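Remarks on the structure that follows.
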Amino acid sequence: MPYAPSDPPVLTLTTGPVDAYPAVLRGLAAPVLYDYDPAFQATYERVCRKLGEIVKSETVPVLLQGEPVLALEAAAASAIGAKDVVLNLVAGVYAKGFEGWAARSGAEIVELAVPYDEVIDPAMVEAALKARPDVTVVALCHHDTPSGTINPVAEIGAIVARHGALFLVDAVSSFGGMPVDAASAHADIFVTGPNKCLGCPPALSIVGVSAKAWAKMKANPAAPRDSILSILDWEDAWRADRPFPFTPSVAEINGLEAAVDHFLAEGAERVFARHAATARACRAGIRAMGLELWAKDERFASPTATAVRTPDGVDEAALRAAVRARYGVVLSSGRGATLGRLTRIGHMGPTAQPIHAVTAVAAFGGTLAAFGRPVDVGAGVAAALASIDAG
Ligand SMILES: *Cc1c(COP(=O)(O)O)cnc(C)c1O
1 MPYAPSDPPV
11 LTLTTGPVDA
21 YPAVLRGLAA
31 PVLYDYDPAF
41 QATYERVCRK
51 LGEIVKSETV
61 PVLLQGEPVL
71 ALEAAAASAI
81 GAKDVVLNLV
91 AGVYAKGFEG
101 WAARSGAEIV
111 ELAVPYDEVI
121 DPAMVEAALK
131 ARPDVTVVAL
141 CHHDTPSGTI
151 NPVAEIGAIV
161 ARHGALFLVD
171 AVSSFGGMPV
181 DAASAHADIF
191 VTGPNKCLGC
201 PPALSIVGVS
211 AKAWAKMKAN
221 PAAPRDSILS
231 ILDWEDAWRA
241 DRPFPFTPSV
251 AEINGLEAAV
261 DHFLAEGAER
271 VFARHAATAR
281 ACRAGIRAMG
291 LELWAKDERF
301 ASPTATAVRT
311 PDGVDEAALR
321 AAVRARYGVV
331 LSSGRGATLG
341 RLTRIGHMGP
351 TAQPIHAVTA
361 VAAFGGTLAA
371 FGRPVDVGAG
381 VAAALASIDA
391 G
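Numbering (the UniProt record's numbering), first residue to last: 1 to 391.
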């Protein structure tokens, strides 16, 4: 096999961590300033304000100094108290995982779950809130990455807003790759990060917070303070004239500014179109090879990741290892309940380029063919190219 496990891969087409934009790498290489140097304080404020333009939260977004699991755990600890009733909408592994953090508060958790190849139907949320008018917090994972499926966040958000509950959204792997932001989602706490579609390495969380969410966190006696899990400690830290609770990730902030500048310069519409076109070409290629998408309905499929159902009798881990060994291409496995049942091809940040879909289809199909499976690799490549040419 041409690529030993110790050789660096040729192409990383994963669902996170993802390849970083060259401009981000240059940003990371900037001099590491003292965090109280006025030049860095100005950078920090500028980055947070620019993020506000794309996160579209009611208040300037908060940065937490760790990859987005930190923000998810911090959001649960800060916004959920023992007296809350949480409706947890579960269409995948991340949403299910949120239950553990939410339950730590002592709150009652009401679960609304669907099979992990389906998505949450807004009508089910409406019915659940009617049955439990005492629900005070609703949690949703927009793109449950280990399934590659997109939940209808705006419709659900509108229902939650009418009900009056706090709406907590994990948009880590969709934000920056498709049209979603705190405003359109009606999210009170909108958790995302730079390490998926914005094309940065994993190290920071971005949290959009509504006025209502600030009030709820301040009223929660259990909300962490003087803690790595505190969101409240960072409320005004974006302002150049305010202190940081502790040292921010200086280099990563420089990288994030480069990512946001890249996004703004390319323009949201073009960025989203590039992600969508890549996913479309990928799905066309996968289906033309006679393989099945994980998503039960193609309308559920994400524009930032394509999950392919593992054919019966194929060892998924061995398949991915062989794709890497033969072609130097790295793909993602499932996680938890989807582990071993699907393979994921990421279209995030710099890898959201349609031609990468052709590479992914060829590498994935070529390996299955080498495994003796009846896949038509030529048809897959042709379909992916035709999808690109159709625009
Ligand atoms: C990537 C991701 C996160 C961040 O968590 P990791 O598992 O540590 O990468 C959180 N939520 C979703 C939906 C993600 O895709």
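All residues carry an ideal CB built from backbone N, CA and C; glycine is no exception. Source: prediction; values computed, not measured.
Contacting residues, own chain, Cβ-Cβ under 6 Å from residue i (five flanking each side not counted)
i, result
"A383", "A284, G285 and A288"
"S332", "T14, T15 and R344"
"P194", "C200, L204, L256 and A259"
"H163", "L129"
"T136", "D84, V85 and A165"
"T12", "D19 and V330"
"R309", "E292, W294 and L342"
"A77", "P224 and L229"
DSSP-derived helix/strand/coil call for residue i
i, result
"L89", "strand"
"M178", "strand"
"A29", "coil"
"R309", "strand"
"L331", "coil"
"T278", "helix"
"S105", "coil"
"A223", "coil"
"A295", "coil"
"P248", "coil"
"G380", "helix"
"M1", "coil"
"H353", "For clarity, residue 353 is Gln in the given sequence; the question names His instead. Coil at Q353, not helix or strand."
"M289", "coil"
"P133", "coil"
"W214", "helix"
"T59", "coil"
"residue 418", "In the structure as shown, the chain begins at 1 and stops at 391. Residue 418 is therefore absent and cannot be evaluated."
"F40", "helix"
"L198", "coil"
"S6", "coil"
"P22", "helix"
"S230", "coil"
7 Å Cβ shell around residue i - same chain, five flanking residues per side excluded
i, result
"I253", "T43, Y44 and V47"
"D236", "R242"
"S184", "A154"
"A362", "V377 and V381"
"V323", "V329, L331, A363, F364 and T367"
"L339", "S333"
"P122", "P152, E155, I156 and I159"
"Q41", "A240"
"R49", "V60"
DSSP beta-bridge partners of residue i
i, result
"M124", "None, per the DSSP bridge assignment."
"I345", "T306"
"T149", "D144 and A301"
"F167", "V138"
"V358", "Answer is none; V358 lacks a bridge partner."
"T192", "I206"
"T12", "V330"
"V110", "L87"
"L64", "S205"
Residue i and residue j closer than 8 Å at C-beta
i, j, result
"L198", "A74", "no"
"T192", "P68", "yes"
"P354", "F272", "no"
"H262", "T304", "no"
"V138", "V114", "no"
"A79", "L140", "no"
"P9", "V329", "yes"
"L70", "V250", "no"
"S210", "D181", "no"
"L342", "A386", "no"
"S302", "A279", "yes"
"P202", "P17", "yes"
"R320", "A370", "no"
Own chain, CB closer than 8 Å to residue i, minus 5 neighbours either side, in chain order
i, result
"L112", "L87, N88, L89, V90, I120, M124, V125 and A128"
"R225", "L232 and D233"
"D134", "V85"
"H275", "G177, M178, C197, P303, T304, H347, M348 and A352"
"Y3", "P9, V10, R324, A325, R326, Y327 and G328"
"N220", "S78, A79, I80 and G81"
Cβ of residue i within 8 Å of any chain D Cβ
i, result
"E235", "Structure shown: chain D not included; a single protein chain is present."
Exercise. Looking at C-beta atoms only, is the number of pairs between the segment 303-322 and the segment 210-230 that lie closer than 8 Å three or more?
Worked result: In this structure the segment 303-322 does not touch the segment 210-230; the number of beta carbon pairs closer than 8 Å is below three.
Exercise. Is the number of C-beta pairs between the segment 170-183 and the segment 143-157 that are closer than 8 Å three or more?
Worked result: yes
Exercise. Are the segment 53-68 and the segment 99-115 touching, with three or more C-beta to C-beta distances below 8 Å?
Worked result: Three or more beta-carbon pairs separated by less than 8 Å are not found between the segment 53-68 and the segment 99-115, which leaves the two stretches without contact.
For this session: State whether the segment 353-368 contacts the segment 25-43, with contact taken as three or more CB pairs (one from each stretch) at a distance under 8 Å.
Result: no
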